[in-house]
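For what it's worth, the numbering used here labels the leading residue of the sequence shown as -1, then goes sequentially.
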Amino acid sequence: MQRPMNTSSRADASLRPFGPNLWFHDAWVRFLGMPLKTRMTVVRLSDQPDAPLWLHSPIGDAPALRSRLDALGTVRHLVAPNAIHHLGLRDFANEFPDATIWATKNVEARSRIRAHASLEGPPERDTTPARWGADLELCVLGGNLLLEEALVLHRPSRTLIVTDFVEKIDESCTSPRAARLFGWFGLTTGEPAPAPEHRVFAVDPAPLRAAKERVLAWDFDRMIIAHGPNVEQHAKDELARCFDAAIRAASGRGERRGPVSVALRRLCLRLAPG
Ligand SMILES: [Fe+2]
């Protein structure tokens, strides 16, 4: 569903700081034929002996980014946080072959890449890998047929790292025409909403309710998201709204029975593995 865009004029190798030992990088892909800007997060694990780098949703020109990343530290972890965000995984795994690949549900099947470790299912769902150190805390969202998403707290910057569970699609991350099309899928311009796959395939509200209670108890106020402007303050308010939307959908009270959502579900199931 996502493909890299051959848009050299848009390509860059910039890493923008978002807090202590925290950066992000934006790159363009195609999603269902539409241009979409997506985001990688880079964390330097400050409590590790060699301060390794942890890359969340790796994307972009890996060889071009190599020197910038090398200047920050050694890439030790590549995290595919949900089954849609594996597009750059192969390139980064080739560029950093010693890095551990962490995969959530369905990532291996969809990407055809063998991961070194799984982030899906209990007890991992509630357990942060020891190798990630004390800077990070993990919660994997369950209750979805297609994907599970890894939400990660970066404690030193009080920032939550999210992929598609909170999207703020606007013209900063897609074309004006595509922004209108995304609106058909409930992604009103600039308003926080879970991606369609987090509503269409949500079937069990219980794990979402548990995750909402747990994550909202964490200490954060900012949020890095994959699509749309990052959230600089009051991130919990926006996250809570997205939890409520996903829980409504999982309870059968959301918009997933609408004709567009039904069509999207059929399309996604056709594209999904197995
Ligand atoms: Fe996404």
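By construction, the Cβ of each residue, glycine as well, lies at the ideal position given by its N, Cα and C atoms. Predicted model only: the values in this text are computed from it and were never measured.
Opposing strand residues paired with residue i [DSSP bridges]
{"i": "residue 54", "result": "39 and 77"}
{"i": "residue 137", "result": "149"}
{"i": "residue 165", "result": "191"}
{"i": "residue 99", "result": "76"}
{"i": "residue 158", "result": "151 and 221"}
{"i": "residue 33", "result": "28"}
Inter-residue Cα distance where the pair is residue i and residue j
{"i": "residue 16", "j": "residue 156", "result": "11 Å"}
{"i": "residue 88", "j": "residue 30", "result": "20 Å"}
{"i": "residue 112", "j": "residue 238", "result": "34 Å"}
{"i": "residue 21", "j": "residue 214", "result": "23 Å"}
{"i": "residue 171", "j": "residue 34", "result": "6 Å"}
{"i": "residue 185", "j": "residue 159", "result": "20 Å"}
{"i": "residue 42", "j": "residue 108", "result": "28 Å"}
{"i": "residue 127", "j": "residue 71", "result": "20 Å"}
{"i": "residue 103", "j": "residue 79", "result": "9 Å"}
{"i": "residue 98", "j": "residue 179", "result": "37 Å"}
{"i": "residue 247", "j": "residue 146", "result": "15 Å"}
{"i": "residue 134", "j": "residue 201", "result": "28 Å"}
{"i": "residue 12", "j": "residue 131", "result": "26 Å"}
{"i": "residue 75", "j": "residue 65", "result": "17 Å"}
{"i": "residue 39", "j": "residue 197", "result": "24 Å"}
{"i": "residue 167", "j": "residue 37", "result": "13 Å"}
{"i": "residue 114", "j": "residue 53", "result": "15 Å"}
{"i": "residue 100", "j": "residue 144", "result": "17 Å"}
{"i": "residue 183", "j": "residue 228", "result": "21 Å"}
{"i": "residue 32", "j": "residue 14", "result": "25 Å"}
{"i": "residue 224", "j": "residue 216", "result": "20 Å"}
{"i": "residue 96", "j": "residue 219", "result": "33 Å"}
{"i": "residue 212", "j": "residue 129", "result": "22 Å"}
{"i": "residue 93", "j": "residue 24", "result": "18 Å"}
{"i": "residue 118", "j": "residue 150", "result": "14 Å"}
For residue i, three-class secondary structure by DSSP
{"i": "residue 26", "result": "strand"}
{"i": "residue 17", "result": "strand"}
{"i": "residue 182", "result": "helix"}
{"i": "residue 229", "result": "strand"}
{"i": "residue 116", "result": "strand"}
{"i": "residue 7", "result": "Residue confidence is low: residue 7 scores 40 on pLDDT, short of 50, so the model does not pin down where it sits. No coordinate-derived value is stated."}
{"i": "residue 324", "result": "Look at the range of the chain in this structure, -1 to 272, and you will see that residue 324 is not part of it."}
{"i": "residue 247", "result": "helix"}
{"i": "residue 200", "result": "strand"}
{"i": "residue 110", "result": "coil"}
{"i": "residue 65", "result": "helix"}
{"i": "residue 241", "result": "helix"}
{"i": "residue 85", "result": "coil"}
{"i": "residue 59", "result": "coil"}
{"i": "residue 94", "result": "coil"}
{"i": "residue 235", "result": "helix"}
{"i": "residue 205", "result": "helix"}
{"i": "residue 216", "result": "coil"}
{"i": "residue 127", "result": "coil"}
{"i": "residue 49", "result": "coil"}
{"i": "residue 132", "result": "coil"}
Residue burial classification, residue i (beta-carbon count within 10 angstroms, cutoff 16)
{"i": "residue 83", "result": "buried"}
{"i": "residue 19", "result": "buried"}
{"i": "residue 125", "result": "exposed"}
{"i": "residue 68", "result": "exposed"}
{"i": "residue 91", "result": "buried"}
{"i": "residue 110", "result": "exposed"}
{"i": "residue 230", "result": "exposed"}
{"i": "residue 6", "result": "Note that residue 6 scores a pLDDT of 39, beneath 50, so its modelled location is shaky; the value from the coordinates is reported in the next line. Exposed is the call here."}
{"i": "residue 173", "result": "exposed"}
{"i": "residue 61", "result": "exposed"}
{"i": "residue 195", "result": "buried"}
{"i": "residue 181", "result": "exposed"}
Any contact of the region 46 to 54 with the region 162 to 176, i.e. 3+ C-beta pairs under 8 Å?
no
Does the pairing of the region 199 to 208 with the region 140 to 153 give three or more beta-carbon distances under 8 Å? yes
Discussion item. Within 8 Å, do at least three Cβ pairs link the region 239 to 246 to the region 187 to 205?
Written reply: yes
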